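Engineer:
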């Protein structure tokens, strides 16, 4: 398998209502329809199996790092970050790596 | 796609030499051969595209949360954590989610 993977994990703040978290998932899962560079995209709320976990994860796969950069900088993606992520964000951990 | 995904991101400490990081990747990539519950397994060093990133990520897919728990608690996996992760670990962020 070749490609380039973006992994990001979030911990939410006290403003992260269920409605806001649902709205975010809805907006994120619409991104593959708007940004054709996304080859695979899976987001999810933490399942609650382990104590100390963060709250939410996004794993997105691309053909290469240039395709990832298109996603990272895409105005539709930036709008989701500004309107739906930033207001509820406490902590963020990210890695991109070659597949 | 159904399944259960484990996502974990690490930041290494000052003891994380290139040799130790290489040894860790070697041990981790042997785990799918030892733990048949692992359906998909991709690890990688951060590509250095974005400032502020963590250093290393593991994304592992399983049939369900029980299969993930077998991996989490498997003695071969625990030995890799104890011997190769813990000595170089600064920070860890994890999420498990339903696919």
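Chains as they are written, first to last, in the numbering used here: chain A, 6 to 104; chain B, 6 to 104. The beta-carbon is built from N, C-alpha and C at its ideal position, and this holds for glycine as well. Computed from a prediction, not measured in an experiment: that's the story for all the values here.
Which whole-angstrom value is the C-beta distance of residue 101/A and residue 76/A, which I expect to be below 8 Å?
Structural biologist: Residue numbering aside, residue 101/A sits at position 96 when the first chain is read from its first letter. Residue numbering aside, residue 76/A sits at position 71 when the first chain is read from its first letter. Actually they do not touch by this definition, with Cβ atoms about 11 Å apart.
Engineer: Do the region 81 to 96 of chain A and the region 49 to 63 of chain B touch if we need at least three Cβ pairs shorter than 8 Å?
Structural biologist: Flag = no, the region 81 to 96 of chain A and the region 49 to 63 of chain B do not touch.
Engineer: Tell me which residues share the same chain as residue 62/A and place their Cβ nearer than 8 Å to its Cβ, disregarding the 5 neighbours each side in the sequence.
Structural biologist: Locating residue 62/A in the first chain gives position 57, where the first residue counts as 1. These residues qualify, in order along the chain: 12, 13, 14, 15, 48, 49 and 51.
Engineer: Does the structure place the region 19 to 32 of chain B close enough to the region 65 to 72 of chain A that three or more beta carbon pairs sit under 8 Å?
Structural biologist: Contact between the region 65 to 72 of chain A and the region 19 to 32 of chain B is absent, because fewer than three Cβ pairs lie under 8 Å.
Engineer: If we call anything under 8 Å between Cβ atoms a contact, is residue 43/B one with residue 81/B?
Structural biologist: The residue labelled residue 43/B in the question sits at position 38 within the second chain. The residue labelled residue 81/B in the question sits at position 76 within the second chain. Contact: no.
Engineer: Does DSSP put residue 14/B in a helix, a strand or coil?
Structural biologist: Stepping through the second chain from its first residue, residue 14/B is reached at position 9. Three-state result, residue 14/B: strand.
Engineer: Within 10 Å of its beta-carbon, does residue 18/A have 16 or more other beta-carbons around it, so buried, or fewer, so exposed?
Structural biologist: Locating residue 18/A in the first chain gives position 13, counting from the first residue. Looking at its Cβ environment, which holds fewer than 16 other Cβ atoms inside 10 Å, residue 18/A is exposed.
Engineer: According to DSSP, simplified to helix, strand and coil, what is residue 96/B?
Structural biologist: Indexing the second chain from 1 puts residue 96/B at position 91. Here residue 96/B sits in strand by DSSP.
Engineer: Starting from the Cα of residue 33/B, find the closest Cα among 103/B, 85/B, 7/B and 91/B and give me that residue.
Structural biologist: Here residue 33/B corresponds to residue number 28 of the second chain, with the count starting at 1. Nearest option by C-alpha distance: 85/B.
Engineer: Residue 66/B to residue 67/A, Cα distance in whole Å?
Structural biologist: The residue given as residue 66/B occupies position 61 in the second chain. The residue given as residue 67/A occupies position 62 in the first chain. About 18 Å.
Engineer: Would you call residue 20/B buried or exposed, if buried means 16 or more other Cβ atoms sit within 10 Å of its Cβ?
Structural biologist: Residue mapping note: residue 20/B aligns to position 15 of the second chain, counting from 1. Its Cβ having fewer than 16 others within 10 Å, residue 20/B is exposed.
Engineer: Pick helix, strand or coil for residue 103/B, following the three-state DSSP scheme.
Structural biologist: Numbered from its first residue, the second chain carries residue 103/B at position 98. Correct three-state label for residue 103/B: strand.
Engineer: To the nearest angstrom, report how far apart residue 9/B and residue 87/A are at their CA atoms.
Structural biologist: Translated into positions along the second chain, residue 9/B becomes position 4. Translated into positions along the first chain, residue 87/A becomes position 82. Between residue 9/B and residue 87/A, the C-alpha separation is close to 29 Å.
Engineer: Which residues in chain B have a C-beta closer than 9 Å to the C-beta of residue 50/A? List them in chain order.
Structural biologist: Residue 50/A sits at position 45 when you count from the first residue of the first chain. Ordered by position in chain B, the residues that pass the 9 Å Cβ test against residue 50/A are 100, 102 and 103.
Engineer: Give the DSSP-derived three-state secondary structure of residue 79/A in the structure shown.
Structural biologist: Here residue 79/A corresponds to residue number 74 of the first chain, with the count starting at 1. Coil at residue 79/A, not helix or strand.
Engineer: Can you list, in chain order, the residues of the region 10 to 27 of chain A whose Cβ is nearer than 7 Å to any Cβ on chain B?
Structural biologist: For the region 10 to 27 of chain A, which is checked against every Cβ of chain B, the residues closer than 7 Å are 10, 12 and 14.
Engineer: So residue 62/B is in the beta strand (DSSP E); what residue range does that whole segment cover?
Structural biologist: For the purposes of this step, residue 62/B is taken as residue 57 along the second chain, with counting starting at 1. Element bounds for residue 62/B: 61 to 67.
Engineer: Could you pull the start and end residues of the beta strand (DSSP E) that residue 51/A belongs to?
Structural biologist: As a working note, residue 51/A is residue 46 in the first chain. Segment: none, residue 51/A is in no beta strand (DSSP E) and carries neither H nor E.
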